[in-house]
Structures are given as C-alpha cells and as structure tokens.
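Below is one structure; the comments refer to it alone.
Numbering (this note's numbering), first residue to last: 89 to 221.
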C-alpha cells in the first residue's frame, strides 16, 4: 500500500465518522500535532481527541488533494473543512450550531504503511471570526 493510499483511507474514515478506521491507519506510538495545541502521543490519546472533537464539532472534508513524497514515508493533504460547531469547546466562543468553511492541511510521516505523525493546520482566527459572526 502506498502512503497516498493510507492517507486516503485515513480521510475516508474521517468523513465516514469511523474513528476505529482512522485508528487502523495509525502506528501505536503516533505523534498527533494538533493545530495550536499540544502533541498527543499514542492511539489512546488520538482516540480521546476524536471523542472530544466529535462532541464539539461535526465536520466533513472536501476538495481533497493528497501528495506523496518519493519513498513513501511522507505525505500531505490540502482540503476544505465544512463544519458545524455543536458544543462549546473550552476557551473558544460559545457554540450554537454555527457553520464554518475553512481551508486546512495535514502533513504525515509513515512507516510500514502506518501513520507515525499527523500535523494539522488551519487558521484559528478565521474559524473564530466565522463562528462569532
């Protein structure tokens, strides 16, 4: 399986709301670099993050473009996040079902067809503007 295929499977699982499917794509000691947050290490920390995100947000990604570096050990994706803010997330504006549309990107490292590092970036100030309008 190529890095591109692993990344594609990861995002398909995301869009399907399939956390277990996402976890299947990850190495046990995955390093998850959250946008403007701390690095979480391991599948259990990643699963807890997903549980929190699914409580506060409903998101679907589209306009996906996936890139793979030579050698298959790194990849990236550019996409648009279409979301609904469901429940207030600590330290952020109050949620009342606001929708948002946000360009974003993720970077990946892979070993043995498993994702060992996920780094996701988006413009938090843009998101805050959208949900505060």
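Backbone N, C-alpha and C define an ideal beta-carbon position, used for all residues, glycine too.
- For the set 210, 200, 187, 192, the Cα lying nearest the Cα of residue 218 is the one of 187.
- By the beta-carbon neighbour count (other beta carbons within 10 angstroms, threshold 16), residue 125 is exposed.
- Beyond the five residues adjoining it in sequence on each side, residue 166 comes within less than 6 Å, by CB distance, of 153, 193 in the same chain, given in chain order.
- Counting only runs of 4 or more residues that sit fully inside the segment 131-179, the alpha helix (DSSP H) segments are 131-144, in chain order.
- With contacts defined by Cβ atoms closer than 8 Å, residue 163 and residue 196 form a contacting pair.
- Beta-bridge partners assigned by DSSP to residue 210: 192.
- DSSP places residue 112 inside the alpha helix (DSSP H), whose first and last residues are 107-112.
- Under a 10 Å Cβ-count criterion, residue 89 is classified as exposed, with fewer than 16 other Cβ atoms of the shown protein chains found around its own Cβ.
- A check of alpha carbon separations from residue 180 across 116, 144, 102 identifies 144 as the nearest.
- The shortest CA-to-CA distance from residue 158 to any of 198, 177, 98, 113 is the one to 198.
- Exposed is the label assigned to residue 105, since fewer than 16 other Cβ atoms lie within 10 Å of its Cβ.
- Between residue 189 and residue 168 a beta carbon distance of about 6 Å is seen, short of the 8 Å cut, so the two are scored as contacting.
- For residue 122, no alpha helix (DSSP H) encloses it, and the DSSP letter there is neither H nor E.
- Rounded to the nearest whole angstrom, the C-alpha separation of residue 183 and residue 171 is 12 Å.
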